[in-house]
Amino acid sequence: MNSDKKLTIAIDGHSSCGKSTVAKALAKLLNYKYIDSGAMYRAITLFCIEQNLVSDSIIDEEKLAQSIDKIRIDFRINDSTRQSETFLNNIRVEDKIREIEVSNLVSPVSKIAFVREALVAQQRSLSDGEGTVMDGRDIGTVVFPDADIKIFMTADAETRAKRRYDELIAKGQTVSIQEIRSNINQRDYIDSNRDISPLKQAEDALVLDNSDLSREEQLKWITDIIAERFNWTIS
Ligand code: DC
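Count along the sequence shown from 1, add 372, and you get the number used in my numbering.
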């Protein structure tokens, strides 16, 4: 299908705009590793909740700092679904980390400097020079500033809220569209305005607004770019 060159593909963007769906599909098509960096921030957040390190939405940073080196996050492929799933200290947390309680706390946890430092180091080592598709907020700006392809994804806020709502309802979670809307707005604000590695478009990123695009159209948009830039035939 293509050359021996293994690409690093960075997909950043706003909350709930479907980054992981496209990133997963792309990784599958190219036979690359997919890394969901948001899941890592979510796993640390779940750790804080489970260890009672949160009170009134304030994180006990001192206690978290004492534990950060002992927190193990890894991704394992589920044999039946063939999907990558998140494990926290050897326990599968793939569904728990997507719950609204975690979503409501993840942006404050992601602002903490030592959390970012630890996770960025892990993200770099997870890639290990293999073909990688990683999605998040700072992948093209901080984690892999030399990525071969950088995509900045976005969609209008209402479309994103509706998509996330449908996804959580389909998983059997009890949420309201207002709750989702306010979580998305709040996360976008905190993620874009924090001091360290804020969400911003890398100068050399290509913008994909997927408000009116199907999953297949988004994938084609990206593979057309890769094919043209590297003179590959992708099918
Ligand atoms: O991709 P996601 O919505 O699952 O990410 C959850 C949160 O994690 C997001 O609101 C901000 C944080 N995050 C981050 O700060 N940096 C990343 N590279 C990925 C996610």
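Here a beta-carbon is modelled for each residue, glycine too, at the ideal position from N, C-alpha and C.
Under the three-state reduction of DSSP output, residue 505 falls in the strand class.
The alpha carbon of residue 479 has as its nearest neighbour, out of 507, 387, 442, 595, the alpha carbon of 387. Taken through DSSP and simplified to helix, strand or coil, residue 400 comes out as helix. In this structure, 447 is the residue among 447, 451, 453, 452 with its C-alpha nearest to the C-alpha of residue 465.
Judged by DSSP in its simplified three-state form, residue 376 adopts coil rather than helix or strand. Counting along the chain, residue 419 sits inside the alpha helix (DSSP H) bounded by residues 409–422.
With a beta-carbon spacing of about 16 Å, residue 456 and residue 413 fall beyond the 8 Å limit used to define contacts. For the pair residue 561 and residue 549, the CB atoms are not nearer than the 7 Å cut-off.
The stretch 542–556 makes contact with the stretch 468–477, as at least three CB pairs between them are under 8 Å. Rounded to the nearest angstrom, the gap between the Cα atoms of residue 404 and residue 522 is 16 Å. Within 6 Å of the C-beta of residue 535 there is not a single heavy atom belonging to the ligand DC. The Cβ neighbour count for residue 444, taken over all protein chains shown within 10 Å, is under 16; the residue is labelled exposed. Shown here for residue 502: same chain residues with a beta carbon closer than 8 Å to its own, the five before and five after excluded, namely 378, 404, 405 in chain order.
Contact annotation: residue 519 and residue 399 have beta-carbon atoms that are not nearer than 7 Å.
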